[in-house]
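Residue numbers (this note's numbering), protein chains in the order written: chain A, 7 to 298; chain B, 108 to 473.
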């Protein structure tokens, strides 16, 4: 059963009008639809500027979308009142890409992780204290470091704090916006494993936004490929990686580095003229659609 | 900083447990470095600043007890007389020498070394006074052209000048942070309206506005009314400087992920602004206040000069400097009349040292 359904989501950014110039509009997200099942890890991939992050933020209404619908357990999030949205935020959370800007540099780790509990007035002071320590342990940090400031942690540790903050409210759906792309490769593996463990432990549903395709292949059940604000291919990870249909997907997959110096590489260079922007998604295999 | 990464605490605890005396403790490490280690030395510049400001604040509060004379006590035979220097010896009480006028026209004085005048503690309701107040008053910083004790007036002046500057600064801070925070956070038309208004206030020639305001008010005003009036004007004139910078900081900070994260957690706009984003402007506001406070002290002096300030018998550093400025011989012959300027300098220095580390900019650089 679908936990989240995104229907015809559109976000236009208006560039401001000068005194003598008309404004221009950029369609960052252009009629995007997909659904995410309970308990799955749904990958959203694409190059920088393809609209992945904007899609994620529109789903949480951190950016107000221009049109479309985002259904969470069947209810349209975009129609929520302010107080209803506030309650809904307990169920849908986000982890950011940049472990440096995503934590308030002037707050101690304890305050950062406690903040969601304070906002929603959950528990007494002592209960919150216990919960924060529990969350710290949950993400693999030592509660002895609770009184440190963010700058006293490493990038990987900071990302764990961001995760603890997102999990404080027991959400069922978490958007992971390139959660490991800013980390060293060795640290990436640790954080990814933690994410997978937590998913099992807390029965979480993930929207995993990434541009590291190997990672996506490794952890996602289904994948959507975005290009210039549209989904050009979507399907089960196995099928999509084995038989990519869209020229953009093929070019993207050919860009994955192969860890074998002797392997002959065939880098496909994308020819934008070969892409029909107006093609609609067609089913190619079971559950595998491509806009060709 | 509660986390101790300097290692300073450890050895001290151990030394304490063994019952070792203070003398055996290792001297504090002097380490140059970022963040928490700073200030580990015995005298950080910050603590020196805090001490300077605290001493002045204390002097202002305790003025009625510490000052040997009242604000308007005059010594008609001692106009522009030099300071009486207290002499300390082990065999007798501290004493001063009397000043004798030798030239009425030039107001030149000579020390009467023949008769030391002992000082008396806790007499006449003050901390210390001369034992012969009528003929040889204790004048630590000399007298002004009316024969009033400059030291006593400096202490009373501290009350007026510091409290006015402080009240004005707090007012400017509140108005400026509210306006700048709203403009930066909400943006759009409100931003335009607030910022154009503050531009307007900034380009107004404050002095003429003050004069115009003064003209429509009654000629004689109670000191309390003058105080409120000046504080209001200063706060409004100073607020735009704070608002402008706060707006810029809020505008850029609110787009950072930590502010978006707070929103995603369900924090209200007010909470995101006040709890998360505005503290980022702390360092800027502190710096701005350190410049506004001396400006307010000087502005009070200027306004007193044109008649909007405090009426004559009331002492403030501004009115004192104004009195001094009317005498061309001040620099050469009566330098003690410039002691309010030295006081302003000290307070400004102290404030600057005290706020040096405010806002945690070093921390954010991590």
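Where is the CB? At the ideal position from N, CA and C, for every residue including glycine.
message = Using the three-state DSSP reduction, which class does residue 151 (chain A) fall into: helix, strand or coil?
response = Walking along the first chain from the start, residue 151 (chain A) turns up at place 145. The answer is helix: DSSP assigns residue 151 (chain A) an H, G or I state.
Reduced DSSP secondary structure (H/G/I, E/B, other) of residue 81 (chain A) = Translated into positions along the first chain, residue 81 (chain A) becomes position 75. Looking at residue 81 (chain A) - three-state DSSP - the assignment turns out to be strand.
key: Within-9 Å CB hit, residue 472 (chain B) to chain A   = As a working note, residue 472 (chain B) is residue 365 in the second chain. Reliability fails at residue 472 (chain B), whose pLDDT of 39 lies under 50, so the model's placement of it is uncertain and no value is given.
task = May I ask which residues mark the beginning and end of the alpha helix (DSSP H) holding residue 140 (chain A)?
result = Position 134 of the first chain, counted from the start, is the residue given in the question as residue 140 (chain A). Per DSSP, residue 140 (chain A) belongs to the alpha helix (DSSP H) from 131-144.
message = Can you look up residue 106 (chain A) in the DSSP assignment and give me helix, strand or coil?
response = Your numbering for residue 106 (chain A) matches position 100 in the first chain. Reduced to three states, the DSSP call for residue 106 (chain A) is coil.
task = Out of B:459, B:444, B:166 and B:346, state which residue places its alpha-carbon closest to the alpha-carbon of residue 251 (chain B).
result = Sequence index remark: in the second chain, residue 251 (chain B) carries index 144 (1-based). Nearest of B:459, B:444, B:166 and B:346 to residue 251 (chain B), Cα basis: B:444.
ask   = When the distance is taken between beta carbons, is residue 417 (chain B) closer than 9 Å to residue 347 (chain B)?
value = Residue numbering aside, residue 347 (chain B) sits at position 240 when the second chain is read from its first letter. Residue numbering aside, residue 417 (chain B) sits at position 310 when the second chain is read from its first letter. No; because the gap between Cβ atoms is not below 9 Å, this pair is not in contact.
ask   = In the structure shown, what three-state DSSP assignment does residue 326 (chain B) receive?
value = As a first step, residue 326 (chain B) is located in the second chain; it is residue number 219 there, counting from the start. It is coil, neither helix nor strand.
key: residue 224 (chain A) (DSSP reduced to helix, strand or coil)   = Residue 224 (chain A) sits at position 218 when you count from the first residue of the first chain. The answer is helix: DSSP assigns residue 224 (chain A) an H, G or I state.
query = What did DSSP end up calling residue 211 (chain B) once you bin it into helix, strand or coil?
reply = In the second chain, residue 211 (chain B) corresponds to position 104, counting from 1. Looking at residue 211 (chain B) - three-state DSSP - the assignment turns out to be coil, as it is neither helix nor strand.
query = Nearest-angstrom Cα distance between residue 435 (chain B) and residue 376 (chain B)?
reply = The residue you call residue 435 (chain B) lines up with position 328 of the second chain. The residue you call residue 376 (chain B) lines up with position 269 of the second chain. About 58 Å.
key: Contacts of residue 386 (chain B) in chain A (Cβ-Cβ under 7 Å)   = Start at 1 with the first residue of the second chain, and residue 386 (chain B) comes out as number 279. What residue 386 (chain B) touches in chain A: 112.
inquiry  = For chain A, check one thing: does any of its Cβ atoms lie closer than 9 Å to the Cβ of residue 378 (chain B)?
reply    = Reading the second chain from its first residue, position 271 is the one you call residue 378 (chain B). Cβ-Cβ to chain A under 9 Å: yes for residue 378 (chain B).
task = Could you pull out every residue in the same chain whose Cβ sits closer than 7 Å to the Cβ of residue 266 (chain B), ignoring the five residues on either side in sequence?
result = Here residue 266 (chain B) corresponds to residue number 159 of the second chain, with the count starting at 1. For residue 266 (chain B), where only same-chain residues beyond five positions count, the Cβ hits under 7 Å are 167 and 170.
task = Could you tell me whether the segment 372-386 of chain B touches the segment 122-132 of chain A, where touching means 3 or more Cβ pairs closer than 8 Å?
result = yes
message = Is it buried or exposed, residue 430 (chain B), if we count other Cβ atoms within 10 angstroms and call 16 or more buried?
response = Numbered from 1 along the second chain, position 323 holds the residue referred to as residue 430 (chain B). By the neighbour-count rule (16 or more Cβ atoms within 10 Å), residue 430 (chain B) is buried.
ask   = What does residue 250 (chain B) pair with, by DSSP beta-bridge criteria?
value = On the second chain, position 143 is the one that residue 250 (chain B) refers to. DSSP, once it has assigned bridges, lists B:256 as partnering residue 250 (chain B).
ask   = Measuring CB to CB, does residue 101 (chain A) end up less than 9 Å from residue 225 (chain A)?
value = In the first chain, residue 101 (chain A) corresponds to position 95, counting from 1. In the first chain, residue 225 (chain A) corresponds to position 219, counting from 1. Cβ distance not < 9 Å, so residue 101 (chain A) and residue 225 (chain A) don't count as in contact.
query = Out of curiosity, what's the CA-to-CA distance linking residue 175 (chain A) and residue 96 (chain A)?
reply = To locate residue 175 (chain A), count along the first chain from 1; it is residue 169. To locate residue 96 (chain A), count along the first chain from 1; it is residue 90. Cα-Cα distance, rounded: 5 Å.
ask   = Apart from the five residues just before and just after residue 206 (chain B), which ones in its own chain have a Cβ nearer than 6 Å to its Cβ?
value = On the second chain, position 99 is the one that residue 206 (chain B) refers to. Within the same chain, residue 206 (chain B) has close Cβ partners 188 and 216.
request  = For residue 193 (chain A), go through chain B and note every residue whose CB falls closer than 9 Å to its CB, in chain order.
outcome  = For the purposes of this step, residue 193 (chain A) is taken as residue 187 along the first chain, with counting starting at 1. Going along chain B, no residue has its Cβ under 9 Å from residue 193 (chain A), so there is no contact; the nearest lies around 17 Å.
request  = Would you give the residue range spanned by the alpha helix (DSSP H) that residue 170 (chain B) belongs to?
outcome  = For the purposes of this step, residue 170 (chain B) is identified with residue 63 of the second chain, where counting begins at 1. From DSSP, the alpha helix (DSSP H) with residue 170 (chain B) extends over 170-173.
inquiry  = If contact is defined by three or more beta carbon pairs under 8 Å, each pair taking one atom from either stretch, is the segment 102-120 of chain A in contact with the segment 142-161 of chain A?
reply    = yes
For residue 452 (chain B) and residue 433 (chain B), the rounded distance between their alpha carbons = Along the second chain, one-based indexing puts residue 433 (chain B) at 326. Along the second chain, one-based indexing puts residue 452 (chain B) at 345. Rounded to whole angstroms, residue 433 (chain B) to residue 452 (chain B) spans 21 Å at the Cα level.
query = What is the C-beta distance between residue 183 (chain A) and residue 103 (chain A), in whole angstroms, given that I count them as a contact (C-beta under 8 Å)?
reply = Counted from its first residue, the first chain places residue 183 (chain A) at position 177. Counted from its first residue, the first chain places residue 103 (chain A) at position 97. Between residue 103 (chain A) and residue 183 (chain A) the Cβ distance is about 5 Å, and since that is below 8 Å, they are a contact.
query = So which residues on chain A does residue 373 (chain B) lean against when the C-beta distance must stay under 9 Å?
reply = Your numbering for residue 373 (chain B) matches position 266 in the second chain. Under the 9 Å cutoff, chain A gives 91, 92, 93, 94, 95, 96, 122, 125, 126 and 175.
message = Measuring only the C-alpha atoms, how far is residue 192 (chain B) from residue 314 (chain B)?
response = Working through the second chain from its first residue, we reach residue 192 (chain B) at position 85. Working through the second chain from its first residue, we reach residue 314 (chain B) at position 207. Whole-angstrom Cα-Cα distance: 40 Å.
query = Looking only at DSSP bridge pairs, what is residue 49 (chain A) linked to?
reply = Sequence index remark: in the first chain, residue 49 (chain A) carries index 43 (1-based). Paired residue(s): A:214 and A:229.
query = Closer than 9 Å, CB to CB, is residue 102 (chain A) near chain B or not?
reply = If you number the first chain from 1, residue 102 (chain A) lands on position 96. By this cut-off, residue 102 (chain A) is an interface position.
Cβ distance (whole Å) where residue 224 (chain B) is taken to contact residue 243 (chain B) below 8 Å = As a working mapping, residue 224 (chain B) is identified with position 117 in the second chain. As a working mapping, residue 243 (chain B) is identified with position 136 in the second chain. The pair is a contact, with the Cβ atoms about 4 Å apart (cut-off 8 Å).
inquiry  = Can you tell me where the beta strand (DSSP E) holding residue 176 (chain B) begins and where it ends?
reply    = The residue labelled residue 176 (chain B) in the question sits at position 69 within the second chain. No beta strand (DSSP E) contains residue 176 (chain B), which DSSP labels as neither H nor E.
query = Would the beta-carbon of residue 183 (chain B) fall within 9 Å of that of residue 236 (chain B)?
reply = Within the second chain, numbered from 1, the residue matching residue 183 (chain B) stands at position 76. Within the second chain, numbered from 1, the residue matching residue 236 (chain B) stands at position 129. No, Cβ-Cβ distance for residue 183 (chain B) and residue 236 (chain B) is not below 9 Å.
task = Could you check what DSSP says for residue 69 (chain A) in three-state terms: helix, strand or coil?
result = Here residue 69 (chain A) refers to the residue found at position 63 when the first chain is read from its first residue. Of the three classes helix, strand and coil, the one that applies to residue 69 (chain A) here is coil, per DSSP.
message = So, for residue 53 (chain A): in the same chain, excluding its five sequence neighbours on each side, which residues have a beta-carbon less than 8 Å away from its beta-carbon?
response = Position 47 of the first chain holds residue 53 (chain A). Contacts found: 217, 233 and 258.
inquiry  = On the DSSP letters alone, give me the boundaries of the beta strand (DSSP E) that residue 486 (chain B) sits inside.
reply    = Because chain B spans 108 through 473 in this model, residue 486 (chain B) falls outside it and cannot be assessed.
task = Name the two residues that bound the continuous alpha helix (DSSP H) containing residue 181 (chain B).
result = The residue you call residue 181 (chain B) lines up with position 74 of the second chain. Here residue 181 (chain B) belongs to no alpha helix (DSSP H), and DSSP marks it neither H nor E.
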